[in-house]
DNA sequence: CGGAAGATTTCT
DNA sequence: GAAATCTTCCGA
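Residue numbers (the working numbering): 310 to 505.
Here it is in structure tokens:
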């Protein structure tokens, strides 16, 4: 069943944890693609030096984070890749969850075509890759996850969850040691930089 | 294999 | 000028 608005309005760390094992569903004119969320990280704006919204910074890019939870925050990075986040918390709180990896579940042929690879493990085991596989780009910035174009559903999976430090945020001083990364334990589709 | 560099938007 | 990244190219 599809997750409703109230799921996204609570505590960001709690939501991150509960998102592991949920299914991300993307509807496009080309077809439907689905993937189980196996890796996610929390970014809690004002207190988190790694967050785009640290210290309540506001810009055109981060604007949607300041709205209520349950919307898509998509940003462009390194000139080539998109990253997909779920906005969480109530209005005025710039908090979000970065979806880092998916286990492909449905529409796999379509994902292969978009990614130009036959290796299923390589389809969505990283933030930039999963956006490519799910056809996520600027056009769904601010998209309501309670609609049909893009949403998350609960299929009853509840994998064992592993907690670790976040990835590639060495510049964030003490924030880099926060245990705000959640992964499905032993899952093969978690992004490669898992070691440490 | 493993490491390093490059692509090139958005904000500081 | 550097980032919440990925791919390709090079040398062992």
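Just so you know, even glycine gets a beta-carbon here, dropped at the ideal spot from N, CA and C. The model shown is predicted, which means the values in this text are computed figures rather than measured ones.
8 Å contact criterion, which residue i and residue j should meet: CB distance rounded
i	j	result
residue 404	residue 353	5 Å
residue 452	residue 381	4 Å
residue 392	residue 344	Between residue 344 and residue 392 the Cβ distance is about 15 Å, and since that is not below 8 Å, they are no contact.
residue 450	residue 383	5 Å
residue 441	residue 423	6 Å
residue 421	residue 439	14 Å between Cβ atoms; not a contact.
residue 484	residue 478	7 Å
Continuous alpha helix (DSSP H) stretch holding residue i: start and end
i	result
residue 409	Run containing residue 409: none in the alpha helix (DSSP H); it sits in the beta strand (DSSP E), 404-415.
Boundaries of the beta strand (DSSP E) in which residue i is found, first to last residue
i	result
residue 473	470-473
residue 491	490-493
residue 461	459-462
Close-in-space but distant-in-sequence residues of the same chain around residue i (CB under 6 Å, 5 per side omitted)
i	result
residue 499	347, 348, 410 and 492
residue 337	444
Residue i beta carbon near the ligand FMN (any heavy atom closer than 7 Å)
i	result
residue 477	With respect to the ligand FMN, the structure shown offers nothing to examine, as it has no ligands at all.
Same chain, Cβ closer than 7 Å to residue i, five either side skipped, listed in chain order
i	result
residue 417	429
residue 313	455
residue 415	341, 342 and 343
residue 486	474
residue 321	351, 353, 397, 398, 404 and 406
residue 412	344, 345, 347, 496 and 498
Beta-carbon proximity list for residue i, same chain, < 8 Å, skipping 5 on both sides
i	result
residue 401	375
residue 468	329, 330, 347, 493, 494 and 496
residue 310	462 and 463
### Message
Report the start-end ranges of each alpha helix (DSSP H) in the stretch 426-457 that is 4 residues or longer and not cut off at the edges.
### Response
436-442
### Message
For the stretch 457-472 against the stretch 329-344, do three or more pairs of beta-carbon atoms, one drawn from each stretch, fall closer than 8 Å, so that the two count as touching?
### Response
Judged by Cβ distances under 8 Å, the stretch 457-472 makes contact with the stretch 329-344, as three or more pairs qualify.
#### Entry: 3 or more residues per run - each beta strand (DSSP E) lying fully within the stretch 314-395
332-337, 340-353 and 381-386
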